[in-house]
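Working notes, beginning with the structure itself.
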Amino acid sequence: MAAVAINPKWRVSAGVAWQWQQRMNEYRYRHSNARQLPLACSVSISMNGCDCCGDEVQFPISISETHTLPPVPTLHSAPAQLILALSALQAQPPLFASGIIRLQVPIRERGDAIEWLHAQKHESLFPRCFFSARSGTSTIDFPISASSITDLDPSNNPVSVAGIGSAVFFRGSDPFSSHHWTSIKRFLSRESPLIRAYGAIRFDASSNVSPEWQDYGSFYFMVPQVEFDELEDGSILAMTIAWDDSLQYTWHTAIRQLQATLHQICPYLTKINKESNLGTNIASLSHVPMKPCWDNSVKKALQMIRSCDYDLVKVVLARCSRYLTDICIDPIELLACLRVEGQNAYQFCIQPPNAPAFVGNSPEQLFHRKNLNIASEALAGTRPRGFTKFEDLHIGQDLLFSPKDNIEFTIVRENIQRKLEAICNEVVVEPKKALRKLPRVQHLCAQLSGKLPTEDHEFEVLKTLHPSPAVGGLPTEEARRFIEENEMFDRGMYAGPVGWFGGAESEFAVGIRSALIGKGNSTRVYAGAGIVEGTNPSSEWEELDLKASQFTKLLQSKEPEICYQETENITTSL
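Residue numbers (my numbering): 26 to 599.
This is the structure:
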């Protein structure tokens with residue numbers, strides 16, 4: 026048997042590899058009838074990578090490596106492979122004060138990342154995350170070849186990623202800054218492209234935090250301890266160990282915590298009901314604001330937009346709808362249902378320990394960076410899909426030529442273009458105006474791309490593009506103040522950046538079409554609408570209902586279908 030691919034300091038000989046194989050056979054025999062691996066300690070404690078200070082944050086950690094173990098045919102065989110590999114590392118620890126190491130097992134069989142996450146039921150397996158790449162609309166495409174599954178290429182990207190536990194997490198109460206970004210990036214490297222930090226950032230870190238968002242802080246990111254990557258023609262089960270003596274989180278502590286997590290892992294997928302609803306019924310529904318207060322806020326915004334005394338051109342006002350259902354909602358089951366009609370959209374889930382789950386199905390990209398290349402987009406204007414192809418075409422043409430929607434869309438596109446031009450060497454907008462058709466709604470959209478001078482400009486891209494006029498308004502500060510003074514709820518992570526940082530690549534969606542799933546029977550659904558000259562308050566309220574309908578459809582077991590379901594990427598353009 027060939028040597029397992031481990032760092033030369035820890036390289037495993039053929040003889041030891043044979044012993045591993047014997048031990049794995051014994052392990053599989055002992056647990057062949059078990060649905061779950063043996064239990065260890067109940068709670069996993071990780072380190073907060075943002076606790077580093079001074080010069081420490083300026084330097085990357087001492088070692089960052091990824092090692093690929095021999096492939097296995099099915100998921101069931103992978104956890105034992107990781108446990109034994111971890112034992113080998115524990116026997117010969119690295120001589121570094123800090124580091125991050127990823128061990129991964131390629132699986133020839135493709136598995137569903139959501140089904141894997143759904144199977145991880147133990148109460149200690151938090152935090153957890155899920156992120157699914159958007160299909161068909163990215164201007165930077167990175168397909169995965171099945172033939173490369175045993176020798177991963179840095180350009181390969183999973184279709185979906187599910188993670189549990191945190192090798193290292195990043196959370197802070199202050200607004201997300203370059204210090205926090207650097208704290209995250211010091212654990213990431215080009216040589217380990219699949220070591221990523223998944224998470225979200227508050228829409229407005231300067232606003233008051235309500236109790237339901239308390240555990241998220243101003244931002245929350247995690248590098249998963251154990252991760253399932255769904256590929257086009259296979260899967261990967263991986264574990265990541267991170268340590269930093271300067272953060273009082275040593276190699277030996279990290280090993281113990283990772284072992285505890287690994288022993289909780291269920292080595293199976295759990296099938297999920299992906300029907301058009303969750304089998305629940307809505308017991309009550311309340312909106313914040315209610316319709317009369319909404320009308321007043323819209324009229325107030327329009328008065329300011331029309332007045333010469335204010336600079337406000339556009340503001341996006343949102344609504345929080347609280348649903349109480351007859352039974353508790355499993356956020357992973359909700360996520361699976363959203364994914365069924367999630368073509369051309371990002372599906373995501375972020376859930377810190379003891380916190381509600383932030384779940385969404387966002388069609389809007391904030392930015393995607395690979396090396397120096399940046400892609401972004403403008404998205405504005407909303408119409409429902411038609412019941413027939415003819416009706417759908419007619420509705421789309423109405424959106425394309427609507428003066429009110431054209432004003433809103435042009436504001437968003439030109440603002441994003443100006444922001445990119447201030448950072449990038451060159452910016453291309455193509456197409457400048459088109460329709461993006463989703464299962465329930467259609468939008469005006471434009472795609473923008475540019476080239477950064479250096480990769481260190483990534484934080485500037487995030488800082489500059491968020492919030493875009495599509496979720497905040499214009500001018501940015503005037504719109505932010507109006508939202509803070511007039512919205513009667515905490516947006517939290519809604520409409521903020523949601524995605525991941527990597528070594529040579531990062532991708533973020535805008536956290537819209539999203540909900541906060543509580544531990545009880547309560548679900549908060551968020552939706553927003555852009556207010557510009559020509560806005561009608563009642564029409565925008567109906568738009569909020571339309572945007573929230575994908576959640577209403579799932580929560581209410583007897584709601585009829587409301588739209589023509591065929592989806593397209595980008596259609597008729599101007």
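Even glycine gets a Cβ: it sits at the ideal position worked out from N, Cα and C. Quick caveat: nothing in here was measured; it's all calculated off a predicted structure.
Identity of the residue in the options nearest residue i by Cα
i, options, result
"residue 338", "394, 365, 504, 402", "504"
"residue 284", "97, 348, 110, 513", "110"
"residue 122", "230, 226, 188, 279", "279"
"residue 413", "376, 464, 430, 377", "464"
"residue 390", "557, 378, 369, 139", "369"
"residue 316", "116, 571, 567", "567"
"residue 188", "136, 263, 305, 325", "263"
"residue 112", "124, 97, 100, 128", "128"
"residue 375", "521, 137, 203", "521"
"residue 133", "144, 98, 512", "98"
"residue 157", "441, 417, 365", "365"
"residue 224", "492, 105, 209, 232", "209"
"residue 377", "355, 90, 191", "191"
"residue 535", "523, 543, 439", "523"
"residue 447", "185, 96, 434, 475", "475"
"residue 379", "358, 150, 418, 325", "150"
"residue 140", "441, 215, 506, 299", "299"
"residue 297", "530, 137, 451, 77", "137"
"residue 145", "72, 103, 294", "294"
"residue 512", "135, 269, 340", "340"
"residue 493", "336, 440, 85", "440"
Boundaries (first-last residue) of the beta strand (DSSP E) holding residue i
i, result
"residue 131", "123-132"
"residue 431", "It is not in any beta strand (DSSP E) - residue 431 instead sits in the alpha helix (DSSP H) that spans 428-446."
"residue 238", "Taken as a continuous stretch (DSSP letters only), residue 238 belongs to no beta strand (DSSP E), as it is neither H nor E."
"residue 10", "What the structure shows of the chain is the stretch from 26 to 599, and residue 10 is not part of that stretch, so it cannot be assessed."
"residue 194", "185-197"
Run of the alpha helix (DSSP H) containing residue i, from where it starts to where it stops
i, result
"residue 138", "138-144"
"residue 398", "Premise fails: residue 398 lies in the beta strand (DSSP E), 398-409, not in any alpha helix (DSSP H)."
"residue 365", "356-365"
"residue 318", "316-331"
"residue 204", "203-210"
"residue 486", "483-490"
"residue 419", "414-425"
Residue i (DSSP reduced to helix, strand or coil)
i, result
"residue 75", "helix"
"residue 266", "strand"
"residue 305", "coil"
"residue 467", "strand"
"residue 147", "coil"
"residue 450", "coil"
"residue 118", "coil"
"residue 351", "coil"
"residue 581", "coil"
"residue 312", "strand"
"residue 456", "coil"
"residue 527", "coil"
"residue 368", "coil"
"residue 554", "strand"
"residue 96", "coil"
"residue 549", "strand"
"residue 462", "strand"
"residue 273", "coil"
"residue 218", "coil"
"residue 200", "coil"
"residue 85", "coil"
"residue 231", "coil"
"residue 249", "strand"
Residues that DSSP places opposite residue i in a beta bridge
i, result
"residue 226", "244"
"residue 519", "In the DSSP output, where bridge partners are listed per residue, residue 519 has none listed."
"residue 385", "373, 539"
"residue 152", "According to DSSP, residue 152 bridges with nothing at all."
"residue 291", "Per DSSP, none; premise fails for residue 291."
"residue 498", "340"
"residue 393", "400, 532"
"residue 159", "DSSP lists no partner for residue 159."
"residue 474", "400, 453"
"residue 254", "186, 261"
Presumed contact (8 angstroms Cβ cut-off) between residue i and residue j, rounded CB distance
i, j, result
"residue 227", "residue 518", "6 angstroms"
"residue 560", "residue 580", "In fact, because the Cβ distance is near 28 angstroms, the residues do not count as touching under 8 angstroms."
"residue 152", "residue 194", "7 angstroms"
"residue 238", "residue 515", "6 angstroms"
"residue 408", "residue 423", "7 angstroms"
"residue 438", "residue 471", "5 angstroms"
Cβ-heavy atom distance, residue i to the ligand HEM, below 7 angstroms
i, result
"residue 115", "Of ligands this structure carries none, so the ligand HEM is not represented either."
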